[in-house]
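**Student:** Just passing along the structure, written as structure tokens.
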Amino acid sequence: MATPLTADQLVAALRAEGCIVDEVRDWRHHNRNAKGAWGPVHGVVIHHTATGPGTDVVSVIYDGSSSLPGPLATGCITKDGVVHLTANGRANHAGGGDGDVLQAVIDESYGDYPPPTHEHEGSAGAVDGNARFYGWECENAGNGTDPWPRVQYIAIVRATAALCRAHGWSSKSAIGHLEWSDWKPDPRGFDMKDFRRDLAACLALPAGRWEGDDPMPQYVNLGIAEPYTLQPGVWDSIEFTAEWTDETGDHATGGSVFARGPARFTGTVSLAVDGLPVGAVVQARMSEYDGDQLALDHPIHEIHGTDGGSFAVVPLTKRLTAGRGMRIRLLNQASEPVTVTSAVLTALVWKEG
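Numbering (the working numbering), first residue to last: 248 to 600.
And the structure:
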């Protein structure tokens with residue numbers, strides 16, 4: 248049992264959990280509180296929208312329809328993983344449900360699943376779920392037959408964790424609509440037992456740390472086919488003209504971009520330079536590009552001139568947002584040109600979204 252979160256508390260909890268939050272119109276004052284109780288709250292109900300392609304699903308959840316006025320949930324979680332807040336208070340999402348299920352959620356006392364539900368909206372023993380549960384409507388076409396993008400599923404887990412963490416609830420305070428009302432099928436496409444397992448894993452970590460089970464990384468191994476001259480005084484991108492492995496497909500032939508967002512990567516680039524005077528420096532850095540435009544530079548690493556050739560292994564570890572490409576740039580601070588004789592990049596890339 249808990250007092251519902253305020254609008255500010257809800258936004259803060261979601262952002263602390265790593266959610267991307269969109270505050271829709273006048274959501275802070277948008278609710279069905281005039282039609283019934285709101286609170287005390289006991290948990291979160293997960294739904295799928297069953298909306299068709301091209302639907303402005305967020306507006307549907309905010310406005311509702313002539314037969315079911317909005318808001319239809321606390322928020323709508325779209326396929327891109329954004330949590331669109333549509334209500335601050337009571338919403339038309341859960342309807343009537345089973346009192347035994349509600350008690351099992353309050354007690355957090357069940358096994359893999361709550362007890363079977365035998366009630367629904369309008370039945371004699373139905374309990375008002377709109378007063379007792381937050382609700383997430385999760386975008387999915389048809390009757391839950393759409394795939395669930397990983398970025399969306401992670402957002403659903405994180406958004407639910409935000410509410411559970413704020414109230415001190417365990418993963419057993421989250422149920423599917425089909426576990427609340429005996430005539431509802433949602434959410435379809437993932438099992439609530441598995442969802443609660445992931446939710447428990449998220450809650451076991453500090454807020455914002457859970458990433459889900461990482462997919463297998465993809466391997467990238469690039470280099471230069473021939474030595475090239477690096478002129479002094481100008482930042483110059485390494486053109487990777489040798490491509491041994493490019494599982495992500497992010498490296499265009501002979502191009503300088505080795506990873507494109509949304510993605511995470513870790514690896515190294517090994518560099519060898521000839522003709523760099525003792526004490527002189529070639530600087531190396533990762534640089535993010537938006538198309539052909541430089542968007543962000545990362546910290547500098549230095550290659551120092553020695554009596555023989557000069558060598559360095561530069562670490563590559565970052566996260567790239569959608570639309571960004573990562574390059575490696577070099578700056579020759581000597582007064583004369585030097586020769587880059589070798590540049591070998593090896594990286595593991597986790598694609599996101």
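Beta carbons are placed, not taken as given, at the ideal position from N, Cα and C, and that holds for glycine.
Computed from a prediction, not measured in an experiment: that's the story for all the values here.
#1: Does the segment 337-348 come close enough to the segment 367-375 to have 3 or more Cβ pairs within less than 8 Å?
#2: Helix, strand or coil for ASP375, going by three-state DSSP, please let me know.
#3: Whose CA, out of ARG405, ASN468, ALA472, PRO464, lies closest to the CA of GLY455?
#4: Am I right that TYR381 and VAL288 are in contact with their C-beta atoms under 8 Å? What's the rounded C-beta distance?
#5: Determine the extent of the beta strand (DSSP E) in which TYR381 is found, giving its start and end residues.
#6: Using DSSP with H/G/I as helix, E/B as strand and the rest coil, what is THR586?
#7: Opposite ASN468 in the DSSP bridges: which residues?
#8: Got a sec: does the ligand SAH put a non-hydrogen atom nearer than 8 Å to the Cβ of ASP493?
#9: Counting along the chain, where does the alpha helix (DSSP H) carrying HIS414 start and finish?
#10: Could you give the DSSP three-state label for ASP393: helix, strand or coil?
#11: Have a look at LYS282, PRO316, THR325 and flag the residue whose alpha-carbon is nearest the alpha-carbon of GLY301.
#12: If you compare alpha carbons, which of ILE550, GLU355, SER306 is closest to VAL616?
#13: What's the call for LYS419, buried or exposed, on a 16-neighbour Cβ count within 10 Å?
#14: Which residue comes first and which comes last in the alpha helix (DSSP H) that contains ARG262?
#15: Around the Cβ of MET463, are there at least 16 other Cβ atoms within 10 angstroms (buried) or fewer (exposed)?
#16: Can you tell me the Cα-Cα spacing of ARG275 and LEU319, whole angstroms?
#17: If I follow the unbroken alpha helix (DSSP H) through VAL307, where does it start and stop?
#18: Would you call GLU473 buried or exposed, if buried means 16 or more other Cβ atoms sit within 10 Å of its Cβ?
#19: Classify ARG576 as buried or exposed, calling it buried when 16 or more other Cβ atoms lie within 10 Å of its own Cβ.
#20: Give a yes or no on whether the C-beta atoms belonging to ILE485 and ALA590 are separated by under 9 Å.
#21: If we count the other Cβ atoms within 10 Å of its Cβ and call it buried at 16 or more, is THR250 buried or exposed?
#22: I'd like to confirm the pairing. Which residues does DSSP put opposite GLN540 in its beta bridges?
#23: Any contact between the segment 492-500 and the segment 538-548? By contact I mean 3 or more CB pairs, one from each, below 8 Å.
#24: Under 8 Å Cβ to Cβ from ASN278, same chain only, skipping five residues before and after it: list those, please.
#25: In its own chain, which residues sit with a C-beta less than 8 Å from the C-beta of TYR360, not counting the 5 before and 5 after it?
#26: Measure the alpha-carbon distance for ALA281 versus ALA378 and round it to whole angstroms.
#27: By the 10 Å Cβ neighbour count, where 16 or more other Cβ atoms means buried, how is GLY299 classified, buried or exposed?
#28: Could you spell out the range, first to last residue, of the beta strand (DSSP E) harbouring CYS323?
#29: Could you tell me which residues DSSP pairs with THR476 in its beta bridges?
#30: Would you call the CB atoms of ALA531 and GLU599 closer than 9 Å?
#31: Here's the rule: buried if 16 or more other CB atoms are within 10 angstroms of the residue's CB, otherwise exposed. What is VAL516?
#32: If you count every other CB in all the chains shown that lies within 10 Å of the CB of PRO453, and 16 or more means buried, which is it?
#33: Identify, in the order they occur along the chain, each residue of the same chain with its Cβ nearer than 7 Å to the Cβ of LEU541, setting aside the five sequence neighbours on each side.
**Tutor:** According to the data block:
#1: yes
#2: strand
#3: ARG405
#4: 6 Å
#5: 380-385
#6: strand
#7: THR492, THR593
#8: The ligand SAH is absent from the structure shown, which contains no ligands of any kind.
#9: 397-414
#10: coil
#11: THR325
#12: For the chain, the structure presents residues 248 to 600; residue 616 sits outside this window and is missing.
#13: buried
#14: 254-263
#15: exposed
#16: 14 Å
#17: 304-310
#18: exposed
#19: buried
#20: yes
#21: exposed
#22: ASP537
#23: no
#24: TRP285, PRO318, ALA334, ASN335, GLY336, ARG337, ALA338
#25: GLU426, MET439, LYS440
#26: 12 Å
#27: exposed
#28: 322-324
#29: THR586
#30: no
#31: buried
#32: exposed
#33: SER534
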